[in-house]
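Visitor:
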Amino acid sequence: MNWRRLWAIVLKELRQMSRDRITLAMIVGIPVIQLVLFGYAINTNLRGLDAGIADQANSAGSRALVMDMLATGVIAPVAHADTPEELVAMLRRGQISIGVVVPPDFERRRYDGRQVAQIMVDGSDNVVQSAAAQLAQVPVDGSAPDTRAPLVSTPAAGPISIVSFYNPQRRSAVNIVPGLIGVILTMTMVLFTGIAIVRERERGNMELLIATPLTSAELMVGKVLPYIGIGLLQVTVILALGRWLFTVPIHGSLLDVYLAAGLLILANLTMGLLISTRAQSQFQAMQMTFFVFLPSILLSGFMFPFAGMPQAAQWLAEILPLTHFLRLIRGVMLRGASLWELWREVAALVAFTAVMMTAAILRFRKRLD
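In terms of UniProt numbering, the sequence shown has 104 at position 104, counting the first letter as 1, and numbering is strictly consecutive.
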């Protein structure tokens, strides 16, 4: 082995790497992103869950109980209700994650040693149920634990009962399968379209396409349409296997499920097109896709609780389409909500798609010029 020739190859690779800005960004960016996300943004201790309060007693004792629950920091009141039915409607719409109900006869129940309050939990998210268990441990003076287990309730070790909606058995598959739809679509759709334009350029087909009467918008839309069908096929496979293998229910409209999936597919495809217009090679496109996929899966609430993240991380997560899709798909499949009830998430996905598509078309026209 000639060490001089070997050293020449090493220098050549280092120079080539220094000219590749994407590769340099990956060298520095991957450890920085992982350090920041895992060290700062990811927090498994739930804090500030959106909660609704229905204090029907409105006595000094009931107000003290509610204040003690708020003092734990686990929940933050965002809505007040007069009846438990109003809290159930808020849970279905995704407006709250936890509902606290204090009955009108709170003082009598406390005196008799019966259950004095009830915590309603959105069971479509398993981490919320563990937070409710902390609230159930809040002491109630003068009360005694009730050993009777109410219907569809998880008995708590105290006078506060926990009622789990939408997933009373707390099966992990019920929460994971709907989220996997979004994760798989994000990974595949962004990658497929991320290399679409670059592949045409590397094969020399772009000049032929430019010579045709096609406009920039027609070319971009034509690149997107075939992958919509592929994405919907993936959704069908996941739903079928989830139903067959794990008995995952679909409480809402199947049409709403596909419409929600279609919104995420369009959002990811347009983001992939924007990546494709900026990347110089297919390898660069795959590198840039990784930059998108890593924050999406970590910050969207799929792996780690969204409520436990710092405010800055939550703002960043709100930009990602997977964050809004997880709220949509869990709301439709598990809570039986309609797209109209979750219109904020729908609007966020539509706005993201419009911005990405516009940016991709402008960037493509700039490269043509």
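For each residue, glycine too, the CB sits at the ideal point set by N, CA and C.
Round the Cβ separation of Asn126 and Arg170 to the nearest angstrom and send it over; I've been treating them as touching at under 8 angstroms.
Guide: Contact holds; Cβ gap of about 6 angstroms.
Visitor: Would Leu46 and Ala307 be called neighbours here (beta carbons separated by less than 8 angstroms)?
Guide: Against a cut-off of 8 angstroms, the Cβ pair of Ala307 and Leu46 comes out as a contact.
Visitor: Which residue wins for smallest C-alpha separation from Ala360, given the options Glu341, Glu218, Ala54?
Guide: Closest option to Ala360, Cα to Cα, is Glu218.
Visitor: Can you list, in chain order, the residues of its chain with a C-beta nearer than 8 angstroms to that of Ile326? Leave out the 5 residues immediately preceding and following it.
Guide: Sequence check: residue 326 is Leu here, not Ile. Pro178, Gly179, Gly182, Ser300, Gly301, Phe302.
Visitor: According to DSSP, is Leu116 part of a helix, a strand, or is it coil?
Guide: Correcting the residue identity first, residue 116 is Val in this sequence and not Leu. Three-state DSSP puts Val116 in coil, outside helix and strand.
Visitor: Sort out for me which residues DSSP pairs Ile329 with in a bridge.
Guide: DSSP output for Ile329 lists no bridge partner at all.
Visitor: What first and last residue would you give for the alpha helix (DSSP H) that runs through Phe291?
Guide: Where Phe291 is concerned, the enclosing alpha helix (DSSP H) stretches over 282-299.
Visitor: Go ahead and pull the three-state DSSP assignment for Leu87.
Guide: Helix.
Visitor: Determine whether the beta carbon atoms of Gly52 and Ile96 lie at a separation below 8 angstroms.
Guide: Going by C-beta atoms, Gly52 is nearer than 8 angstroms to Ile96.
Visitor: Taking C-alpha atoms, which residue in Ala71, Gln56, Ile75, Ala79 lies nearest to Val101?
Guide: Comparing Cα positions, the closest option is Gln56.
Visitor: Decide if Thr147 is buried, meaning its Cβ has at least 16 other Cβ atoms within 10 Å, or exposed.
Guide: Any reading at Thr147 must be qualified, since the residue scores a pLDDT of 36, below 50, and its modelled position is unreliable; no value is offered.
Visitor: Given a cut-off of 8 angstroms on the beta-carbon distance, is the pair Ala337 and Gly242 in contact?
Guide: Their beta carbons are not under 8 angstroms apart, which means Ala337 does not touch Gly242 by this criterion.
Visitor: Do you know how far the Cα of Val198 is from the Cα of Gln282?
Guide: Cα to Cα, Gln282 sits roughly 6 angstroms from Val198.
Visitor: Write down the C-beta distance between Ala261 and Val235 rounded to the nearest angstrom, noting that I regard them as a contact closer than 8 angstroms.
Guide: About 4 angstroms separates the two Cβ atoms, so the contact holds.
Visitor: Over the uninterrupted alpha helix (DSSP H) stretch that includes Asp125, give me the two end residues.
Guide: From DSSP, Asp125 is part of no alpha helix (DSSP H); its letter is neither H nor E.
Visitor: Taking the Cβ atom as the reference point for each residue, do Gly204 and Ala279 lie within a distance shorter than 8 angstroms?
Guide: Contact flag unset, no.
Visitor: Please check the pair Ile119 and Leu49, which I expect to be a contact at CB under 8 angstroms, by giving their CB distance rounded to whole angstroms.
Guide: Going by Cβ atoms, the distance from Ile119 to Leu49 rounds to 11 angstroms, so no, they are not a contact pair.
Visitor: Can you give me the C-alpha to C-alpha distance between Tyr40 and Pro310, rounded to a whole angstrom?
Guide: Their backbone Cα atoms lie some 8 angstroms apart in a straight line.
Visitor: Phe246 lies in the alpha helix (DSSP H); which residues open and close that run?
Guide: Its alpha helix (DSSP H) spans residues 216-246.
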